[in-house]
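Visitor: Before I ask anything, here is the structure I am working with.
2 protein chains.
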Amino acid sequence: MKKVANRPRVVIIGGGFGGLFAAKALAGQPVEVTLVDRRNHHTFQPLLYQVALAVLSPAEIASPLRRVLRRAPNVHVLLAEATDFDKTSRKVRLASGRELEYDYLIVAAGARHSYFGHDEWEECAPGLKTVEDAVEIRTRLLKAFESAEKRALLTGQQKSLNFAVVGGGPTGVELAGAIADFARLSLAKDFKAIDTSKSHIRLYEGLDRILNTFSAKSSRRAEEQLGELGVEVHTNSMVTAVECGRIKVGEEWVEADVTLWATGVAASPLGRHLGVVTDRSGRVPVHQDLSIAGHPEIFVIGDMASLIDAAGVRVPGLAAAAMQEGKLAAKNILADLQGRPRQVFKYYDRGTMATIGLHRAVAEFGTFKISGVVAWLLWSLVHVALLIGFRNRVAVMIEWIWAYLTRRGSSPLITEYQQEESTRLPGEGGI
Amino acid sequence: MKKVANRPRVVIIGGGFGGLFAAKALAGQPVEVTLVDRRNHHTFQPLLYQVALAVLSPAEIASPLRRVLRRAPNVHVLLAEATDFDKTSRKVRLASGRELEYDYLIVAAGARHSYFGHDEWEECAPGLKTVEDAVEIRTRLLKAFESAEKRALLTGQQKSLNFAVVGGGPTGVELAGAIADFARLSLAKDFKAIDTSKSHIRLYEGLDRILNTFSAKSSRRAEEQLGELGVEVHTNSMVTAVECGRIKVGEEWVEADVTLWATGVAASPLGRHLGVVTDRSGRVPVHQDLSIAGHPEIFVIGDMASLIDAAGVRVPGLAAAAMQEGKLAAKNILADLQGRPRQVFKYYDRGTMATIGLHRAVAEFGTFKISGVVAWLLWSLVHVALLIGFRNRVAVMIEWIWAYLTRRGSSPLITEYQQEESTRLPGEGGI
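This is the structure:
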């Protein structure tokens, strides 16, 4: 990109919470910003599980980046993939071979789930990070029910379904609870030859309690609420092998028509191209001003960054932290330009929440802990308020009220082309 | 399927307008119905082009078949692909090799666009029949703009975009008008390095006027309205070759970054497995009671059927006709069971309409012809009223009002994984 009026060029890699909030904080400022993303949309990840469970549509939680940034004349969006950096000549290399020059660089390419060295498990146990993941998971869940219905219609054989969720963090808890509601409520009347409510939903956690970043009390409440929905919670249960159709828990194989992966963190491989030593999860250590060692012009933020903040707190990999970091990285660039000193990062903990099924949740704000319907209401309000774009807020609100009143999700669509063969469950013959 | 209480088994192939309306007409009647479809949803085809142009989301025009039929205990939905028929033993063969017995069979597998023996053109000129088609077309259109923006940002080169729509029937007219609005209004402020309104949109029709099933007056009005939107209408223009990036019109090659195909009819190949002589488009000739020669228990309806109705009118391949045929096929099955004579089909022409961009249309009801905003309002009301499912009606209405007020589509999402390479335009180098 050519320099416009000699204004400093800021390149931002990634349009997640960190990158998008950095871009927004730089809108209208005397810098030329280019936001690079492989996708043309920002994804509101906290609600992805609702897309996977067909409560929401992709468009309701994904906002086109250009749309979000349309009113910022100094912010450009580039649909491209960054693959490497030349820190000496200050260039980002793109997959096409082209290069993008920067004066400041903000790397915010996020993280995916980690399979602990077993990437081959992903095919049989997808994680949930993108809209495509959500649609894939929805398709697998729906196909499992379709396949059981087909078997019942054509052969008269009933088969109860088994769903496994690996990882007892917020995502795993939310997925397990939502699958339970999906099977017990949303789909119950859609399938006439099988009883979808007889599905087994199992949540596996390697540690001794789920939601281990929450208090012990919240963990207990979450486990109770999952139990009320019929989810079997297995703690101290390490998943040691994954195949399509079954998983190995400790030494025992367990049937699993669909397995979902919700554990481990693997930061974007781009971190390894920054020439610094990353941690076990591939995260890049950053100074408290969010820049990397020896390169004050390069910031790493969000799930890619490893940081103990100014108050001595390890900053968690949450959307709230990424947003705050995005804003500070932008602020510190502007501070440089104005000759002011940079600020150090201090994580402002707005609280953490996990929702459990249709109207249950646990929430913690410092020492204040709640659970149940009130926590769920709070969770809903906070998430709708955070959703980017007025239109999405209204649409999501309508969907939720509708889903709540009717006790059913809105659109269980399978949208790729369905070869009959592909609806077979692993390990079973053609039906 | 086992017979329940010796009730006659009706198998319906296809969940489009014909099949779905047959299934609905048989709901609660003393028959066991199995509706077989490769997809789990009914698609409201008349609004597909709005999904292609990112005004609506797939979920707003696609209704899960189970959801639509959930209150009919005697109607089962089977996600499967029918591949052949055994008319002697009255069985439908499925792709998996399994068979489905019937006492009555309704074949309603629809049609696709025909490439006049050049199926290889489809890759570079997709048609619009399914939700997947619509998402694919949306992705191609958006990628073309993204690629031009990328070129402008990285090299400073401006390139105006060329879009070609082949076929001047209602679908082609609707697509061309909607692309014009997309480029002139929806996207105008999203792209900052290129001027999307300078795109060339060309509509090619082999005959001497577009909308040739309408009156000459409506054709003229449609052409005028397209002109107001900046669409170049080329009549008497046969497309004789298609490549990715360009098409041949008569003897001349014309640049086309994206080509869309909206002409020709190819009925489902299932028609050829019914053992009757099909017409040039693969349509099955049916008696006026909608059954095929020699097999009163087999009905063929919708776009697969070729029929001169009781009033001597050739029944058109429209949703309205398919719905009416679906209802009559169901009625005639019930007539058989009750020992009453069958009825013959008479097409009730409710009128035809084509919408042109954001608030223009042409409509004809017998000799009554209108165009412009009033026609567009009427078109909107009729289509929202026809949309299956209350929820979709409300959602679509909200989207439209929103799109109308803000003059922009709602969600220009590209939702598959975007490799940077794949955003290149055909014929250009990497950018």
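In order, the protein sequences belong to chains A and B.
The opening residue of the first sequence carries number 194 in my numbering; numbering runs sequentially from there.
The opening residue of the second sequence carries number 194 in my numbering; numbering runs sequentially from there.
By construction, the Cβ of each residue, glycine as well, lies at the ideal position given by its N, Cα and C atoms.
By alpha-carbon positions, which one of A/G565, A/G310, A/S430, A/L213 ends up nearest to A/R263?
Guide: A/L213
Visitor: Looking at the C-beta of A/S412, does it have a partner C-beta in chain B at a distance below 9 Å?
Guide: So, not an interface residue.
Visitor: Can you give me the start and stop residues for the alpha helix (DSSP H) that B/W572 sits inside?
Guide: Segment 566-579, the alpha helix (DSSP H) holding B/W572.
Visitor: Quick one: what's got a C-beta closer than 7 Å to B/Y540's C-beta in the same chain, skipping five residues either side?
Guide: D502, V506, V508, A514, Q517
Visitor: Using three-state DSSP, classify A/G438 as helix, strand or coil.
Guide: If DSSP states are grouped into helix, strand and coil, A/G438 belongs with the strands.
Visitor: Which bits of chain D does A/L271 rub up against, with CB to CB less than 9 Å?
Guide: Absence of chain D from the displayed structure is noted, the protein chains being A and B.
Visitor: Quick one: what does DSSP say A/E292 is sitting in, helix, strand or coil?
Guide: strand
Visitor: Can you give me the Cβ contacts of A/G211 inside the same chain, cut-off strictly under 6 Å, excluding the 5 residues immediately before and after it?
Guide: A301, I494, G495, A515, E518, G519
Visitor: Just to confirm my understanding: we take A/H306, look at its own chain, exclude 5 residues before and 5 after, and list those with CB closer than 6 Å. What are they?
Guide: Cβ contact annotation for A/H306 (same chain, cutoff 6 Å, sequence separation greater than five): G320, W454, G457, in chain order.
Visitor: Using a Cβ-Cβ cut-off of 6 Å (strictly less than) and excluding sequence neighbours within five positions of B/P201, which residues of its own chain qualify?
Guide: V224, D296
Visitor: For chain B, is any of its Cβ atoms less than 9 Å away from the one on A/R291?
Guide: So yes, A/R291 belongs to the interface.
Visitor: Is the beta carbon of A/A265 closer than 9 Å to that of A/V229?
Guide: no
Visitor: Could you tell me if A/G361 is buried or exposed, where buried requires 16 or more neighbouring beta carbons within 10 angstroms of its beta carbon?
Guide: buried
Visitor: Does any C-beta atom of chain B lie closer than 9 Å to the C-beta of A/S626?
Guide: With chain A covering only 194 through 624, there is no way to say anything about residue 626 of chain A.
Visitor: Excluding the five sequence neighbours on either side, which residues of its own chain have a C-beta within less than 6 Å of the C-beta of B/I624, listed in chain order?
Guide: Note that B/I624 scores a pLDDT of 44, beneath 50, so its modelled location is shaky; the value from the coordinates is reported in the next line. Correct list, in chain order: K343, R344, L347.
Visitor: Taking the C-alpha atoms as reference points, what is the distance between B/T616 and B/G209?
Guide: Note that B/T616 scores a pLDDT of 32, beneath 50, so its modelled location is shaky; the value from the coordinates is reported in the next line. About 33 Å.
Visitor: Can you tell me where the beta strand (DSSP E) holding A/I501 begins and where it ends?
Guide: No beta strand (DSSP E) contains A/I501, which DSSP labels as neither H nor E.
Visitor: Going by beta carbon distance, what residues of the same chain come within less than 7 Å of A/L240, once the five residues before and after it are set aside?
Guide: L249, I254, H576
Visitor: Name the residues in the stretch 277-303 of chain A whose C-beta lies less than 8 Å from a C-beta of chain B; which are they?
Guide: L287, A288, S289, G290, R291, L293
Visitor: Enumerate in chain order the residues of its own chain whose CB-to-CB distance from B/K524 is below 7 Å, with the five nearest sequence positions on each side excluded.
Guide: A218, Q536
Visitor: Return no unless some Cβ of chain B is closer than 9 Å to the Cβ of A/R260.
Guide: yes
Visitor: State the Cα-Cα distance for the pair B/F492 and A/E444, rounded to the nearest angstrom.
Guide: In a straight line, the C-alpha of B/F492 is about 56 Å away from that of A/E444.
Visitor: Would you kindly work out how many angstroms separate the C-alpha atoms of B/T428 and B/S411, rounded to a whole number?
Guide: If I take the Cα positions, the gap works out to 15 Å.
Visitor: Could you tell me the alpha carbon to alpha carbon distance between B/D542 and B/A318, rounded to whole angstroms?
Guide: 32 Å
Visitor: Using a cut-off of 7 Å between C-beta atoms, extract the partners of A/R263 located in chain B.
Guide: K382, D383
Visitor: Run through chain A and tell me which residues come within less than 7 Å of B/L335, C-beta to C-beta.
Guide: N233
Visitor: Establish whether the CB of A/A252 and some CB of chain B are separated by less than 9 Å.
Guide: Answer yes: the Cβ-Cβ gap between A/A252 and chain B drops below 9 Å somewhere.
Visitor: Taking only the alpha-carbon atoms, compute the straight-line gap between A/H393 and A/S499 and give it to the nearest angstrom.
Guide: 38 Å
Visitor: Against chain A, does B/P201 count as a neighbour if the rule is that its beta carbon must be under 9 Å from one of theirs?
Guide: no
Visitor: Determine contact between the stretch 459-472 of chain B and the stretch 418-427 of chain B, defined as no fewer than three beta-carbon pairs at a distance below 8 Å.
Guide: Fewer than three beta-carbon pairs drawn from the stretch 459-472 of chain B and the stretch 418-427 of chain B are found closer than 8 Å, and the two stretches are therefore not classed as touching.
Visitor: Under the rule that 16 or more other beta-carbon atoms within 10 Å means buried, what is B/K336, buried or exposed?
Guide: buried
Visitor: Along the chain, where does the alpha helix (DSSP H) containing B/K524 start, and where does it finish?
Guide: B/K524 -> alpha helix (DSSP H) spans 512-530.
Visitor: Please decide whether A/R617 counts as near chain B, where near means a Cβ-Cβ distance under 9 Å.
Guide: Because A/R617 sits at a pLDDT of 32, beneath the cut-off of 50, its placement in the model cannot be relied upon, and the following sentence gives the value as read from the coordinates. Yes, contact with chain B.
Visitor: What in chain A is Cβ-close to B/P266, meaning under 7 Å?
Guide: Residues of chain A passing the Cβ test: K385.
Visitor: Report yes if the CB atom of B/W370 is closer than 9 Å to the CB atom of B/L404, and no otherwise.
Guide: Residue 370 of chain B is actually Gly in this sequence, not Trp. No, these two residues do not count as a Cβ contact at 9 Å.
Visitor: Please classify B/G310: is it buried, with 16 or more other beta-carbons within 10 angstroms of its beta-carbon, or exposed?
Guide: exposed
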